[in-house]
Amino acid sequence: MQKRTQPSLRQLGILGLCCYMAALGYILFYRTGYRPTNAFSYWDYVKRNIQLIPFHTVKEMTALMINSEASVNARVLAAINIIGNILIMLPAGLFLPIVFKRFHKFSVYALWMLVFITCIEILQVLTACGSFDMDDILLNYVGAMLGFLVFGTVGKLVMRRTYGE
1 MQKRTQPSLR QLGILGLCCY MAALGYILFY RTGYRPTNAF SYWDYVKRNI QLIPFHTVKE
61 MTALMINSEA SVNARVLAAI NIIGNILIML PAGLFLPIVF KRFHKFSVYA LWMLVFITCI
121 EILQVLTACG SFDMDDILLN YVGAMLGFLV FGTVGKLVMR RTYGE
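With this note's numbering, letter number 21 in the sequence shown gets 21, and the count goes up by one each step, no holes.
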């Protein structure tokens, strides 16, 4: 009989990270997108879908959520926008430090996540699958930092107890 071995936490982290990245790609880029008929209309799309003012979208969404005259659907979509932008990057804070030891250091993780999130926003607008919104970067970053905080408090404890790391 062969002895069954359990997968390591790192192996489970790699599997989780792969699934997360596939889901992230699907959520962020699997849209029909804008199909330009000429170069001008594409750049017009890009220009209209860049929002660089911090907290502009958050203010609009918050105002919509508390507006009693707004439809329930509009208020729910506004809440989903804010909460979803936070939650979508939370798993990164869990999986990346498990898979890559260099992300155990907060400053390294924080810098890489800022670059990663900004690149996603740029790609979304350039591929016409979304917009470049400063508030998306801020909310995604908050989610990534919350994920790291969860890893820092729970993940390290589990790794130490289970694997002696």
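C-beta: ideal position from N, C-alpha, C; glycine also.
Environment of residue i [buried if 16+ CB atoms lie within 10 Å]
i      : result
Ala23  : exposed
Tyr26  : exposed
Phe132 : buried
Pro91  : buried
Phe55  : exposed
Ala144 : buried
Pro97  : buried
Asn140 : buried
Met113 : buried
Thr127 : exposed
Residues bridged to residue i (per DSSP)
i      : result
Asp136 : Its beta-bridge partners do not exist; DSSP assigns none.
Where the alpha helix (DSSP H) containing residue i begins and where it ends
i      : result
Val125 : 106-126
Presumed contact (8 Å Cβ cut-off) between residue i and residue j, rounded CB distance
i      : j      : result
Gly147 : Leu94  : 5 Å
Ile117 : Met134 : Wrong, their Cβ atoms sit about 11 Å apart, outside the cutoff.
Leu28  : Cys129 : 7 Å
Arg75  : Leu64  : 6 Å
Thr17  : Val108 : Residue identity differs from the one stated: residue 17 is Leu in this sequence, not Thr. Between Val108 and Leu17 the Cβ distance is about 17 Å, and since that is not below 8 Å, they are no contact.
### Query
What runs of the beta strand (DSSP E), each 3 residues or longer, lie entirely inside the stretch 20-99?
Here no run is fully enclosed.
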